[in-house]
Amino acid sequence: MELQSIMTVHLNPSLPRFSSLSIPISLSNPFYSKNSTSALRLSISRQSHFNPKPLSVSSAAASSAIQTDKKDRLPANVKVTETKEPNSRVRLSVEVPPIVCQDCYKRVLDEFSKQSKVPGFRPGKKVPENILLNYIGEQHVKRATIESILRRTLPHAMSSVEGRALKDSVQIGTKFSEMDEDFSPQDFLSYVVIVDVAPEVKWMSENAYKNLKVVVEIDNEIDAQRASEAELRRRHKALGALKIVTDRGLQVGDVAVLDIFATTIGKDNSGGEKIPFAEKKGFSFDTEDGDYLIPGFLNSIIGIQRGETKSFPLLFPESWKQENLRGVYAQFTVECKELFYRDLPELNDSLSDKLLPGCSTLSQVRELILQRCREVEQTAREQATDNAILDQLCKLIDIDIPQSLFEEQGRQLYGARLLELQASTKLDEQQLASLSSEKAVNEFLEIQRENITNMIKQMLSVGEIFKLENLQFPTEELVKEVENSVAEFKRHNQEYDEEHIREQVQDILEGAKVLEWLREHADIEYITR
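Going by our numbering, the sequence shown opens with residue 13, and the numbers climb by one from there.
Quick look at the structure:
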């Protein structure tokens with residue numbers, strides 16, 4: 013029996029499919045969200061990108077990183093014992109035989125002999141070991157030998173995880189001081205290597221992703237017909253004038269300037285704490301937008317006059333966006349500072365060009381606005397469908413996520429959000445430094461742990477499906493989009509890594525192909541709430 017999964021999501025076109033690494037890119041496909049800037053959020057990364065590259069390995073006690081060399085011929089085999097650990101981590105216990113240690117020791121002495129200017133010896137002339145040790149320092153030679161051993165043996169130790177090791181995840185797990193303490197070229201040298209490897213994608217069933225059933229719940233305001241009517245009404249109101257109400261109270265259609273205060277109500281009906289989020293001064297309230305406020309607010313202030321104050325209790329619904337206010341009783345106090353009504357021109361063909369330039373009839377205005385709203389609705393439907401599919405994939409796989417991959421994805425996400433915040437609020441240096449601190453980043457990683465984990469699951473499952481279904485995309489499309497992205501970086505005078513851009517563009521194209529394939533094969537139902 014094949015697994016059939018059901019997922020319900022609420023359509024919200026303002027939410028991006030992904031939000032992590034920001035790069036200028038020009039692709040036009042449904043795999044990423046569009047906004048008014050050229051910085052698009054990219055988070056898909058193929059598992060095939062976990063290819064080993066030159067590794068920079070740092071010791072816990074060493075002052076500098078050890079760069080690994082290409083494998084050379086060692087005089088004896090290095091014993092490596094592999095132990096699997098949680099979070100797709102592998103521990104490699106390495107045992108270097110004395111003959112290798114002696115060979116490295118000899119090479120270090122030879123190098124020091126060539127480079128050192130020992131008194132009494134011509135440059136390049138071999139210096140006796142005892143004199144060289146006395147001149148260089150035995151401890152210094154010992155440390156250089158250990159670094160040489162690590163540099164030469166690490167590629168051999170990593171052979172068992174070749175092709176699986178994640179970039180920049182390799183660490184020497186043994187403190188340098190421990191290796192240095194009792195080191196002798198005549199003895200074995202043991203050390204531990206910790207490395208994260210590409211996680212294995214395990215599906216809940218063999219054809220789990222081939223039997224998706226997705227229910228996409230759409231809000232009424234997204235409906236094209238409803239949205240077009242609201243847009244026409246907005247444009248009509250923009251052509252009117254606001255006039256002061258002098259002889260009556262608030263009616264639907266009016267605009268009021270309000271001061272709003274709120275406090276929680278205790279179980280014994282006693283006064284509670286202030287609710288800062290609900291407090292607003294000089295709030296311009298369009299009564300036609302009353303549905304967007306807490307239920308009952310509009311009805312509670314109907315009839316209020318300029319200078320009047322009303323107080324009333326309301327209950328925040330369980331669906332309220334601020335979780336800490338859901339189900340909370342609150343006492344609202346509202347003072348009406350100003351009250352206006354709209355003096356609108358008659359809605360007829362004479363307003364057509366003002367409502368939508370180039371139109372000559374009201375019916376033409378309605379048709380064009382409806383057409384645009386249908387395009388928005390279709391885009392929103394596609395985006396919501398993609399979100400639903402990607403969210404569902406998270407529930408169909410089991411992945412032991414490496415910590416290094418989690419941190420990399422989380423830091424990219426945090427960096428992108430920090431850039432957005434900086435662009436919108438113009439943070440000063442002190443604020444930026446505080447938000448960029450390791451403490452702030454770690455707090456974000458912990459708060460967003462579930463979100464980051466799901467993003468990684470999505471990208472890995474997408475990469476796995478691309479491979480399993482043998483999906484492809486035109487090479488020329490990749491070349492074109494890389495060129496466009498590079499041009500975008502140059503236009504903004506930004507540094508870039510073309511190879512990194514190529515990988516990211518390829519990720520997007522692969523992701524788009526996977527989502528296209530999943531939309532064709534999934535059972536998708538749309539409902540309106």
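We treat Cβ as the ideally placed atom computed from N, Cα and C, and that holds for glycine. Just so you know, these numbers come straight off a predicted model, no measurement behind them.
(Q) Which residue wins for smallest C-alpha separation from E476, given the options E218, K129, S181? (A) Taking the sequence shown and counting its residues from 1, one reaches residue 476 at position 464. The candidate whose alpha carbon is nearest that of E476 is E218.
Q: Please say whether L254 and G315 have beta carbons closer to each other than 8 angstroms?
A: Locating residue 315 in the sequence shown gives position 303, counting from the first residue. Locating residue 254 in the sequence shown gives position 242, counting from the first residue. No, Cβ-Cβ distance for G315 and L254 is not below 8 angstroms.
Q.
Just to confirm my understanding: we take Q434, look at its own chain, exclude 5 residues before and 5 after, and list those with CB closer than 7 angstroms. What are they?
A. The residue labelled residue 434 in the question sits at position 422 within the sequence shown. These residues qualify, in order along the chain: L444.
(Q) Let me confirm a value: Y538 is counted as buried when at least 16 other C-beta atoms fall within 10 Å, else exposed. Which label applies? (A) By one-based count along the sequence shown, residue 538 stands at place 526. Y538 is exposed by the Cβ-count criterion.
Q) Would you report the Cα separation of E387 and N466, rounded to the nearest angstrom? A) Taking the sequence shown and counting its residues from 1, one reaches residue 387 at position 375. Taking the sequence shown and counting its residues from 1, one reaches residue 466 at position 454. Roughly 29 angstroms separates the two Cα atoms.
Q: Taking 8 angstroms as the cut-off, decide whether the C-beta atoms of V542 and E300 are in contact.
A: One cannot answer for residue 542 here, as it falls past the ends of the chain, which runs 13 to 541.
Q. How long is the line joining the alpha carbons of K333 and L327, rounded to whole angstroms?
A. In the sequence shown, the residue the question calls residue 333 occupies position 321. In the sequence shown, the residue the question calls residue 327 occupies position 315. Those two C-alpha atoms are separated by around 14 angstroms.
Q) Taking C-beta to C-beta, are H152 and V90 nearer than 8 angstroms? A) Counted from its first residue, the sequence shown places residue 152 at position 140. Counted from its first residue, the sequence shown places residue 90 at position 78. Contact flag unset, no.
Q | Burial state of P357 (16 or more Cβ within 10 Å) | A | Sequence index remark: in the sequence shown, residue 357 carries index 345 (1-based). It counts as exposed.
Q) With 16 as the cutoff for other CB atoms within 10 Å, does V335 come out buried or exposed? A) Within the sequence shown, numbered from 1, the residue matching residue 335 stands at position 323. The residue you asked about is not Val; residue 335 is Glu in the sequence shown. That one is exposed.
Q) Under a three-way DSSP split, which group does L15 fall into? A) As a working mapping, residue 15 is identified with position 3 in the sequence shown. With a pLDDT of 32 at L15, under the threshold of 50, the modelled position of this residue cannot be trusted; read the value that follows with caution. L15: coil per DSSP, three-state reduction.
Q.
The alpha helix (DSSP H) that contains L121, what's its start and end?
A. For the purposes of this step, residue 121 is identified with residue 109 of the sequence shown, where counting begins at 1. Here the alpha helix (DSSP H) through L121 covers 110–127.
Q. For the putative contact between I277 and Y341, defined by C-beta atoms under 8 angstroms, what is the C-beta separation to the nearest angstrom?
A. Within the sequence shown, the letter at position 265 stands for residue 277. Within the sequence shown, the letter at position 329 stands for residue 341. With a Cβ gap of about 4 angstroms, I277 and Y341 count as contacting.
(Q) Less than 6 angstroms between C-beta atoms, sequence neighbours within five positions excluded: which residues of the same chain meet that for L337? (A) The sequence position of residue 337 within the sequence shown is 325, counting from 1. Cβ neighbours of L337 beyond the five flanking positions: F328.
Q) Below 8 angstroms between beta carbons: does that hold for K286 and I272? A) Against the sequence shown, residue 286 aligns to sequence position 274. Against the sequence shown, residue 272 aligns to sequence position 260. No, Cβ-Cβ distance for K286 and I272 is not below 8 angstroms.
Q.
Taking a contact to mean a Cβ-Cβ separation below 8 angstroms, would you say Q460 touches L405 in this structure?
A. Residue 460 sits at position 448 when you count from the first residue of the sequence shown. Residue 405 sits at position 393 when you count from the first residue of the sequence shown. It is not a contact, given that the beta carbons lie outside the stated cut-off.
Q) From which residue to which residue does the alpha helix (DSSP H) around I143 run? A) On the sequence shown, position 131 is the one that residue 143 refers to. Unbroken alpha helix (DSSP H) run through I143: 141–148.
Q. Cβ atoms of L380 and L359: under 8 angstroms apart, would you say?
A. Counted from its first residue, the sequence shown places residue 359 at position 347. Counted from its first residue, the sequence shown places residue 380 at position 368. For L359 and L380, no; Cβs fall outside 8 angstroms.
(Q) Using the Cβ count rule (16 or more neighbours within 10 Å means buried), how would you classify T540? (A) The residue labelled residue 540 in the question sits at position 528 within the sequence shown. T540 comes out exposed.
Q) Whose CA, out of G284, D180, F352, V213, lies closest to the CA of F9? A) It is not possible to answer for residue 9, since the shown part of the chain is limited to 13 through 541.
Q: Report yes if the C-beta distance between S160 and V139 is below 8 angstroms; otherwise report no.
A: Taking the sequence shown and counting its residues from 1, the one referred to as residue 160 is at position 148. Taking the sequence shown and counting its residues from 1, the one referred to as residue 139 is at position 127. No.
Q: Just the C-alpha distance for W215 and F200, rounded to the nearest angstrom, thanks.
A: Stepping through the sequence shown from its first residue, residue 215 is reached at position 203. Stepping through the sequence shown from its first residue, residue 200 is reached at position 188. So the two alpha carbons sit approximately 44 angstroms from each other.
Q. What's the call for L472, buried or exposed, on a 16-neighbour Cβ count within 10 Å?
A. Working through the sequence shown from its first residue, we reach residue 472 at position 460. L472 comes out buried.
Q.
I need the straight-line Cα distance from E229 to I536, nearest angstrom please.
A. Reading the sequence shown from its first residue, position 217 is the one you call residue 229. Reading the sequence shown from its first residue, position 524 is the one you call residue 536. Each residue's alpha carbon lies about 11 angstroms from the other.
**Q.** Through-space distance from V491 to A499, alpha-carbon basis
**A.** On the sequence shown, position 487 is the one that residue 499 refers to. On the sequence shown, position 479 is the one that residue 491 refers to. C-alpha separation (whole angstroms): 12 angstroms.
**Q.** Unbroken stretches of the beta strand (DSSP E), 3 residues or longer, contained in the segment 142–227
**A.** 201–208
Q) Are Q183 and P110 touching if we call contact CB-CB under 8 angstroms? A) Within the sequence shown, numbered from 1, the residue matching residue 183 stands at position 171. Within the sequence shown, numbered from 1, the residue matching residue 110 stands at position 98. In this structure, P110 does not lie closer than 8 angstroms to Q183 by Cβ.
Q) Straight-line CA distance for S50 to R503? A) Against the sequence shown, residue 50 aligns to sequence position 38. Against the sequence shown, residue 503 aligns to sequence position 491. In this prediction, S50 has a pLDDT of 25, which is less than 50 and means its spatial position is unreliable; what the coordinates show is noted afterwards. So the two alpha carbons sit approximately 11 angstroms from each other.
Q. Of all the options E123, G319, C348, which has the alpha carbon lying nearest to the alpha carbon of D298?
A. Counting from one through the sequence shown, the residue named residue 298 turns up at place 286. Nearest option by C-alpha distance: C348.
Q) Could you give the distance in angstroms between the alpha-carbon of V546 and the alpha-carbon of V209? A) In the structure as shown, the chain begins at 13 and stops at 541. Residue 546 is therefore absent and cannot be evaluated.
Q | Euclidean distance between Cα positions of G302 and G308 | A | Residue numbering aside, residue 302 sits at position 290 when the sequence shown is read from its first letter. Residue numbering aside, residue 308 sits at position 296 when the sequence shown is read from its first letter. When rounded, the distance between both Cα atoms is 9 angstroms.
Q | Straight-line gap, E489 to L425 (C-alpha atoms, nearest Å) | A | Locating residue 489 in the sequence shown gives position 477, where the first residue counts as 1. Locating residue 425 in the sequence shown gives position 413, where the first residue counts as 1. Cα to Cα, the separation comes out at about 27 angstroms.
Q. Does the beta-carbon distance from A250 to C385 come in below 8 angstroms?
A. In the sequence shown, counting from the first residue as 1, residue 250 sits at position 238. In the sequence shown, counting from the first residue as 1, residue 385 sits at position 373. Result no, Cβ atoms of A250 and C385 do not sit closer than 8 angstroms.
Q: Tell me whether F295 is buried or exposed, calling it buried when 16 or more other Cβ atoms sit within 10 Å of its Cβ.
A: Position 283 of the sequence shown, counting from 1, holds the residue named residue 295. Exposed: under 16 other Cβ atoms inside 10 Å.
Q. With a cut-off of 8 angstroms, does the C-beta of A239 fall near any C-beta of chain D?
A. Reference to chain D is not applicable here, since this structure consists of a single protein chain.
Q) Just the Cα atoms here: how many angstroms apart are Q518 and Q421? A) If you number the sequence shown from 1, residue 518 lands on position 506. If you number the sequence shown from 1, residue 421 lands on position 409. Roughly 18 angstroms separates the two Cα atoms.
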